[in-house]
Amino acid sequence: MSEQAVLFGQTAPMVGVLTDPSEGTKRQDAAVVLLNAGIVHRVGPSGLYVKLARRLAGLGYVVVRFDGSGIGDSEVRRDHLPFEKSAVLETIEVMDYVTRARGVHKFVLVGICSGAVTAFKTACEDRRVTGAALLNAQGFHQSGRWNAYAMNPGWVREYWRNLRSVRSWRNALTGRTQYRRLIGVMLGQIKIIVSRDKAVSAVATSLASQLAGVVERNIRLLFMFSKGDHSANYLNLMMGGQKKSFRASGLITEETIIGADHTFTRMAHQQRVIDTVEGWLVRTRPEGVGVRGKESLGRRQEIAK
Amino acid sequence: MTIAAGGTPIARGPGGAGIEPFYFGDRDRSLFGCHQAPLTRMTRTCGILLCYPIGPEYIRSHRAFRQLAARLSKAGFHVLRFDYSGCGDSAGDFETGRLDDWQRSISLAVDELKRRAGLSCVCVIGLRLGATMALLVGARRGCFDAMVLWNSVCDGAAYVRELQLWHESAGGGADPNRDDGFAEIVGYAFNRSLLDDIAHVDPLALLRQPAKRILFVHTGDTDENDRLPACVQQLGAVVDRLRIPGPQLWLQEPYQAVIPHQALQSIVSWVTTVYA
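Put into structure tokens, the structure is as follows:
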């Protein structure tokens, strides 16, 4: 295996590390791109991405870890493009670079948290993506109402669990509980139960259609959740009433890690992530998926608008 | 594992400027570095090497170090940040980390900075154990021009206890599946020999002057150690001290994106005054 420092990017120079498989290792027809977990730089939370990149290079994949603009060592963009657009464009730029530099035309995207959402959005836009591993993916849309709707049930469950905790009762009785938040969560839940929020429904419908589009293209998807993380609820909402058919496609793998935090800090959980992603790649072989066109959907200018 | 080493041109897409990432050092144990050339017409006569803390403190400090490097580069300095052997993007695994190796990494980085900047004068800025390791390297190599020691570790054994307490308070316990030769500390495997190395770190036992001028920076509410400044002063160093209120950035969760502006600005002001 060899590692190389790389600079790429049209608008802002982005710093990355390209990991190539050892000579003699059978090279896979797809490259893996690791996307920043929030604002943690390209080594990933607790260095997880470095370990993952080296393990996947051992399977024959070219792997790129890079910092999106404004994160880690990469420059800040000056074009005021919102993050949800710039992140997709920058991922496409990195894929373009790898296509030119290594002649690879298929990609598997892996991300944690916002990186997972970027992976999904890029998969929607670029035909070269044949697989995506989405770890604790939260958000998917910037609508505040959508995000409150997706996260509220998790908060309610948290408060429900806390009913059995002496410490929580002590906090409640001594004024150390955030009463405003508690009331907001409860009111939010009542609102969810009694009313149908059109804005939320519109987001859910749009995301379900994006998910259907990705599945239609035969893209392999791995969703990993830390137990109790809001991400599982986001996927449930995205699948909506079509859960059975999405799952029956056989393209979606779901995996839950009990006891893990949002960024898989504990070493045992990091190991589980690495083993799961590796096992999923070996089992589902995203590099074997045919792509109709080798280039992106040509929507770059549209995204940038 | 082989890594593109020093002198190998990096693969560059269009638009790369200002910051240069590269690998340097031994071919099989290469170190990752980021060089930032001065952004001013005038170049200062001294290059600056930044030494990160280790393990979970490294991840939490990266953003602030990036900012510090940018400010120093704007002030006319050549700046090099780098990852110790087995840490960050450098070759090797954290699990095999040893203090000697990391001090050797600092020494290699000093030489690399001198080579790239074409300067013979180096100022080293370190945080936590990074500061202490730099101090030991300065004394061993024969005196840096200047140093900034930011909450340096003055008692290795106390530091190890601090790390273990942090792990426990973060809800971590011993992993029953792990080999006995390792202790997990907030997501990082510290081998027992490394913990032993760290526990035996005693900068107060220095016998040689580590730098001509040293600035001690202390942030946070903890008690400041007076003995180390007194010790290096006795060895001939000119000592300045700054106590700065504000968060201990190496303990903050990365998503909080804490940038200790006052501390960074104070450090930049001090070095620009020293190298005016």
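Chains as they are written, first to last, in my numbering: chain A, 7 to 311; chain B, -18 to 257. All C-beta atoms in this analysis are idealised placements derived from N, C-alpha and C, irrespective of residue type, glycine included. These figures come from a predicted structure and were not determined experimentally.
Three-state secondary structure assigned by DSSP to residue i
i	result
T256/B	One detail in the question is off: residue 256/B reads as Tyr in this sequence, not Thr. Of the three classes helix, strand and coil, the one that applies to Y256/B here is coil, per DSSP.
E93/B	helix
E165/B	strand
H1/A	Outside the displayed span of chain A (7 to 311) sits residue 1/A, for which this structure offers no information.
K112/A	strand
T203/B	coil
C104/B	strand
E234/B	coil
V391/A	An answer regarding residue 391/A cannot be provided, because it is not within the stretch 7 to 311 covered by chain A.
N172/B	strand
M7/A	coil
M322/A	Here chain A covers residues 7 to 311 and nothing more, so residue 322/A does not appear.
T269/A	coil
I225/B	strand
Q78/A	Checking the displayed sequence, the identity of residue 78/A turns out to be Gly instead of Gln. Of the three classes helix, strand and coil, the one that applies to G78/A here is coil, per DSSP.
L140/A	strand
I118/A	strand
L188/B	coil
A254/A	helix
A36/A	strand
V104/A	helix
V141/B	helix
Proximal residues to residue i (C-beta, below 7 Å), its chain only, five neighbours per side dropped
i	result
A264/B	Outside the shown range of chain B, which is -18 to 257, sits residue 264/B, and nothing can be said about it.
C130/A	Q216, G219 and V220
R10/B	S66, A72 and G73
A59/A	T25, L40, V69 and R71
A138/B	A180
E260/A	F229
Burial state of residue i (16 or more Cβ within 10 Å)
i	result
P27/A	buried
I189/A	exposed
W231/B	buried
R176/A	exposed
V213/B	buried
T290/A	buried
A243/B	A small fix is needed here, since residue 243/B is Gln in this sequence, not Ala. Exposed.
Y185/A	exposed
E222/A	exposed
D202/B	exposed
L241/A	buried
V288/A	exposed
L213/A	buried
Cβ separation of residue i and residue j, assumed to be a contact under 8 Å, to the nearest whole Å
i	j	result
A43/A	G145/A	That pair is no contact at about 13 Å.
N142/A	F252/A	In fact, because the Cβ distance is near 19 Å, the residues do not count as touching under 8 Å.
L115/A	L41/A	6 Å
V104/A	A18/A	So it is not a contact: roughly 18 Å between Cβ atoms.
Y256/B	T26/B	6 Å
R1/A	G78/A	Only positions 7 to 311 of chain A appear in this structure, which leaves residue 1/A out of reach.
G111/B	Y33/B	5 Å
V56/A	D70/B	7 Å
E293/A	D35/A	4 Å
R226/A	L257/A	6 Å
V206/A	R151/A	6 Å
Beta-bridge pairing of residue i - partner residues as DSSP gives them
i	result
V239/B	Paired residues: none, contrary to the question.
R194/B	A127/B and V219/B
Y4/B	F13/B
D26/A	S8/A
E5/A	This structure does not reach residue 5/A, given that chain A is present from 7 up to 311, and the question cannot be answered.
I29/B	V60/B and C104/B
F14/A	M20/A
L41/A	G117/A
R2/A	Nothing in the structure corresponds to residue 2/A, since chain A is present only between 7 and 311.
Nonlocal neighbours in the same chain, by C-beta distance under 8 Å from residue i, ignoring five residues either side
i	result
Q269/B	Residue 269/B cannot be examined here, being either before or after the span of chain B that is shown, -18 to 257.
L245/B	A45, Q48, L49 and R52
D183/B	D136 and G137
L185/B	C135, R208, L209 and C212
L80/B	M114, L175, D178, I179 and V182
Cβ neighbours of residue i in the same chain (closer than 6 Å, five flanking residues each side left out)
i	result
K91/A	I309
R261/B	Shown here, chain B extends from -18 to 257; a query on residue 261/B therefore has no answer.
M23/B	G57
T253/B	A56
V279/A	F270
I35/B	L110
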